[in-house]
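The structure under discussion appears below in the form of structure tokens.
2 protein chains.
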Amino acid sequence: MGRGGVSAKDVAKAAGVSRAAVSRAFTPGASISAETRKKVMKAADTLGYQVNHLARGLIRSETGIVALIAAELATPYRSALLAALSERLQEAGKVAMLINSDRSDDSVERALRQAISYRTDAAVVLSGMPKTELTETCLKNGMRLVLINRDEYREGSYLIRLDDRAAGRTAFATLAAAGCRRLALATSQAGTPSLSARRDGFRDAAAAAGVEIVEEATGPTSYETGLSIGTRLMSQTDRPDGVFCTTDLLALGVMDAARHRFGVRIPEDLSVIGFDDVPQASWESYDLTTFSQPVGEIADACVDWLTGDAMSGDPLQTSIPVQLAWRGSVRKNQPF
Amino acid sequence: MGRGGVSAKDVAKAAGVSRAAVSRAFTPGASISAETRKKVMKAADTLGYQVNHLARGLIRSETGIVALIAAELATPYRSALLAALSERLQEAGKVAMLINSDRSDDSVERALRQAISYRTDAAVVLSGMPKTELTETCLKNGMRLVLINRDEYREGSYLIRLDDRAAGRTAFATLAAAGCRRLALATSQAGTPSLSARRDGFRDAAAAAGVEIVEEATGPTSYETGLSIGTRLMSQTDRPDGVFCTTDLLALGVMDAARHRFGVRIPEDLSVIGFDDVPQASWESYDLTTFSQPVGEIADACVDWLTGDAMSGDPLQTSIPVQLAWRGSVRKNQPF
DNA sequence: CTGAAAGCGCTTACAG
DNA sequence: CTGAAAGCGCTTACAG
Numbered sequence: 001m002g003r004g005g006v007s008a009k010d011v012a013k014a015a016g017v018s019r020a021a022v023s024r025a026f027t028p029g030a031s032i033s034a035e036t037r038k039k040v041m042k043a044a045d046t047l048g049y050q051v052n053h054l055a056r057g058l059i060r061s062e063t064g065i066v067a068l069i070a071a072e073l074a075t076p077y078r079s080a081l082l083a084a085l086s087e088r089l090q091e092a093g094k095v096a097m098l099i100n101s102d103r104s105d106d107s108v109e110r111a112l113r114q115a116i117s118y119r120t121d122a123a124v125v126l127s128g129m130p131k132t133e134l135t136e137t138c139l140k141n142g143m144r145l146v147l148i149n150r151d152e153y154r155e156g157s158y159l160i161r162l163d164d165r166a167a168g169r170t171a172f173a174t175l176a177a178a179g180c181r182r183l184a185l186a187t188s189q190a191g192t193p194s195l196s197a198r199r200d201g202f203r204d205a206a207a208a209a210g211v212e213i214v215e216e217a218t219g220p221t222s223y224e225t226g227l228s229i230g231t232r233l234m235s236q237t238d239r240p241d242g243v244f245c246t247t248d249l250l251a252l253g254v255m256d257a258a259r260h261r262f263g264v265r266i267p268e269d270l271s272v273i274g275f276d277d278v279p280q281a282s283w284e285s286y287d288l289t290t291f292s293q294p295v296g297e298i299a300d301a302c303v304d305w306l307t308g309d310a311m312s313g314d315p316l317q318t319s320i321p322v323q324l325a326w327r328g329s330v331r332k333n334q335p336f
Numbered sequence: 001m002g003r004g005g006v007s008a009k010d011v012a013k014a015a016g017v018s019r020a021a022v023s024r025a026f027t028p029g030a031s032i033s034a035e036t037r038k039k040v041m042k043a044a045d046t047l048g049y050q051v052n053h054l055a056r057g058l059i060r061s062e063t064g065i066v067a068l069i070a071a072e073l074a075t076p077y078r079s080a081l082l083a084a085l086s087e088r089l090q091e092a093g094k095v096a097m098l099i100n101s102d103r104s105d106d107s108v109e110r111a112l113r114q115a116i117s118y119r120t121d122a123a124v125v126l127s128g129m130p131k132t133e134l135t136e137t138c139l140k141n142g143m144r145l146v147l148i149n150r151d152e153y154r155e156g157s158y159l160i161r162l163d164d165r166a167a168g169r170t171a172f173a174t175l176a177a178a179g180c181r182r183l184a185l186a187t188s189q190a191g192t193p194s195l196s197a198r199r200d201g202f203r204d205a206a207a208a209a210g211v212e213i214v215e216e217a218t219g220p221t222s223y224e225t226g227l228s229i230g231t232r233l234m235s236q237t238d239r240p241d242g243v244f245c246t247t248d249l250l251a252l253g254v255m256d257a258a259r260h261r262f263g264v265r266i267p268e269d270l271s272v273i274g275f276d277d278v279p280q281a282s283w284e285s286y287d288l289t290t291f292s293q294p295v296g297e298i299a300d301a302c303v304d305w306l307t308g309d310a311m312s313g314d315p316l317q318t319s320i321p322v323q324l325a326w327r328g329s330v331r332k333n334q335p336f
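Protein sequence lines correspond, in order, to chains B and Z.
1 is the number of the first residue of the first sequence in full-length UniProt numbering; add one for each residue after it.
1 is the number of the first residue of the second sequence in full-length UniProt numbering; add one for each residue after it.
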């Protein structure tokens, strides 16, 4: 046994077979007799042998590693998606490499290069958008690429999208139907494709209905931003009585500002709709009506495609439906 | 260029040097002339060459991969720690492999085996406790082991602990000093070392003060459990007026149950102390007084040890101090 | 079904 | 400083 631990050679010697035999014993479907396999497995067990995936990955075209590239890992929604993804990946026999792309602007690119270095089977991009040039390099390296909620398309990659725009429209319709008269939209300055689409859907519907809306957009996508937006909104002389927030974190902040700083009642004085359905949205202090992002379905779609045969005729895009989770932050329309 | 992408051979040919030279160009401190290195780098750049870490890992004793083994990835505290860890690891030039150990009881062991398969430089265990036998195998394979907040010790591994027990005692003292008379302890049935230590500290202090306390312990460590514990606590004829929850999630649930289901005022009627200082604890709806887990410091200690020289004389254990974050959920003692 | 041999992409003594 | 050669641990045609 060398410094690298137990190797196939050790097992081969112990089992009295060739190195090739032990390799075959660990390869499902390889041509090996049941008896030989049994001998090998026994020796492997006593020696504590584990196939070296590094060496295997060097030969085979797959390493079993999938890179997960994301920013703001600790955010409720992001961490839920990451958890679902890593779990599904494991069930499929893969392993997740987590790459934080928080830092600089080029960090998605750096992350992708990192993935190439380890010859990951695939990269799943949750944040940011790599340059076409680089994604082509990935594809050329035999790597699969999944883009979750990105707006641009990249030849050969798989796109998973939610209908954010439709949700924005639904938010408007819901608030209008609840009898809200002065509508507001709260979003951050992050400018991600998802947030923009939600905003645009809301705007579109408002324009179509000939309704003027107030818009607030500042800072990062956080609770604190929601707090300051809520404060600004409630400080207006003509306070809005309905607000769509492009994210739950924002909505929760808006609610807290309205309630605790202005004594505004929800939903009596103000109706609020969020997006994501993070766990906190259903907590009793909030009871927020929001669009639920089906994290499990997204993860399933992703892993299915990654482990599937990916026939070239297959569609390279999937749309996951979002649903409005009705709770108590939107008032019921008064019956006349 | 083979199927595996651009290799050192391709770069060597393009730069007119040997394969060894390109290897040296990518090895800091290797004996190579500045001129040769420049030629290699240029060729590598145009060809888009990335050192294959799989192959490199096969030769060198390090792969640059660190396995992060944890359960309940999407929980606020856990995801914050994971985010800090992955960020620090990246800054140190390492990369994180995320292994979810949610599933079965043996999943920590499976995770460790997975880590061995990929010859990770180290494994950081955040949840569960692997058998001694297996940790020895890891160590024998040259893998370093970090255990965060585990109670048992494993020869050769590095332990990072918080003084949970002291925090439990402080919680008691704080509640007592606030003038609370009927004290309760709320915890889950998870039975992790950290939770038990916090509970024991609280119990000890109460016993030392000759004070009887009410204890509630059920379910998983979640907001929902907090809700049901809060409900049970407030349903008692002699309601407690001070409660220490071993986790913020539990505390938040207790607060919501008390306020929304029983109209109990916090802190006037009930003082609450949590543990973790998750982001939600400081949200305006809660303003929870809690012990802050210094996630950044934990991550720093972990990565420092992993990347350090680990002289055999070094202490293999570090205690990170926890601090009480004073907020509004504990009443100020009435001046006499 | 089985083993000897070649090769994946890299690094590292070994000579020069 | 530089290149030819050996070797890391594995898999996979190739014969038998």
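From the three backbone atoms N, C-alpha and C, an ideal C-beta is built for every residue, glycine too.
- In the DSSP assignment, residue 116 of chain B falls within the alpha helix (DSSP H) that extends over 107-117.
- At a cut-off of 9 Å between C-beta atoms, residue 326 of chain B does not count as an interface residue with respect to chain Z.
- Within chain B, the residues whose beta carbon sits less than 9 Å from that of residue 99 of chain Z are 86, 90, 95, 96, listed in sequence order.
- For residue 333 of chain B, the closest Cβ of chain Z is not nearer than 9 Å.
- Note that the stretch 282-289 of chain Z does not touch the stretch 315-323 of chain B; fewer than 3 beta-carbon pairs, one per stretch, sit closer than 8 Å.
- With fewer than 16 other Cβ atoms inside 10 Å of its own Cβ, residue 263 of chain Z counts as exposed.
- In the DSSP assignment, residue 276 of chain Z falls within the beta strand (DSSP E) that extends over 271-276.
- Residues of chain B whose Cβ lies closer than 7 Å to the Cβ of residue 141 of chain Z are, in chain order, 5.
- For residue 120 of chain B, there is no enclosing alpha helix (DSSP H), as DSSP marks it with neither H nor E.
- Interface criterion met: the Cβ of residue 261 of chain Z is under 9 Å from a Cβ in chain B.
- One Cα belongs to residue 132 of chain Z, the other to residue 8 of chain B, and the distance between them is close to 24 Å.
- Counting of Cβ neighbours within 10 angstroms places residue 28 of chain B among the exposed residues, the total staying below 16.
- Here residue 187 of chain B has 195, 199, 217, 246 as same chain residues with Cβ atoms under 6 Å from its own Cβ, once five neighbours each way along the sequence are excluded.
- Here residue 135 of chain B is not near residue 116 of chain B, since their CB atoms are 9 Å or more apart.
- Annotation note: the stretch 288-324 of chain Z contains the following uninterrupted beta strand (DSSP E) runs of length 3 or greater, listed N- to C-terminal: 289-292, 317-320.
- For the pair residue 124 of chain B and residue 300 of chain Z, the Cα-to-Cα distance works out to about 27 Å.
- Taking a 10 Å sphere around the C-beta of residue 59 of chain B, we find fewer than 16 other C-beta atoms and assign the residue as exposed.
- Out of B/51, B/6, B/293, the CA that lies nearest to the CA of residue 276 of chain B is found in B/293.
- Taking a contact to require three or more Cβ pairs closer than 8 Å, the stretch 147-157 of chain B and the stretch 167-182 of chain B do not qualify as touching.
- Taking 7 Å as the cut-off between beta carbons, the residues of the stretch 116-127 of chain B near chain Z are 116, 117, 118, 119, in sequence order.
- In the DSSP assignment, residue 22 of chain Z falls within the unbroken alpha helix (DSSP H) covering 19-25.
- Residue-level contact by beta carbon holds for residue 284 of chain B and chain Z, with a gap shorter than 9 Å.
- Residue 40 of chain Z and residue 14 of chain B have their alpha carbons spaced roughly 45 Å apart.
- For residue 68 of chain Z, the secondary structure class from DSSP, reduced to helix, strand or coil, is strand.
- Residue 35 of chain B: member of the alpha helix (DSSP H) spanning 34-47, first to last residue.
- Residue 59 of chain B sits in a helix when the DSSP states are folded into three classes.
- Taken through DSSP and simplified to helix, strand or coil, residue 261 of chain B comes out as helix.
- The C-beta of residue 195 of chain B comes no closer than 9 Å to any C-beta of chain Z.
- DSSP places residue 216 of chain B within a strand segment (E or B) once states are collapsed to three.
- With its beta carbon at least 9 Å from every one in chain B, residue 164 of chain Z lies outside the interface.
- Annotation: residue 169 of chain Z to residue 228 of chain B spans about 37 Å, alpha carbon to alpha carbon.
- At least one beta carbon of chain B lies nearer than 9 Å to the beta carbon of residue 52 of chain Z.
- Under the criterion of beta carbons closer than 8 Å, residue 303 of chain B and residue 24 of chain B do not qualify as touching, at roughly 28 Å.
- Excluding sequence positions up to five before and after residue 278 of chain Z, its CB lies within less than 6 Å of the CB of 76, 77, 248, all in the same chain and listed in chain order.
- The Cβ neighbour count for residue 104 of chain Z, taken over all protein chains shown within 10 Å, is under 16; the residue is labelled exposed.
- Going by C-alpha positions, residue 51 of chain Z is about 16 Å away from residue 63 of chain B.
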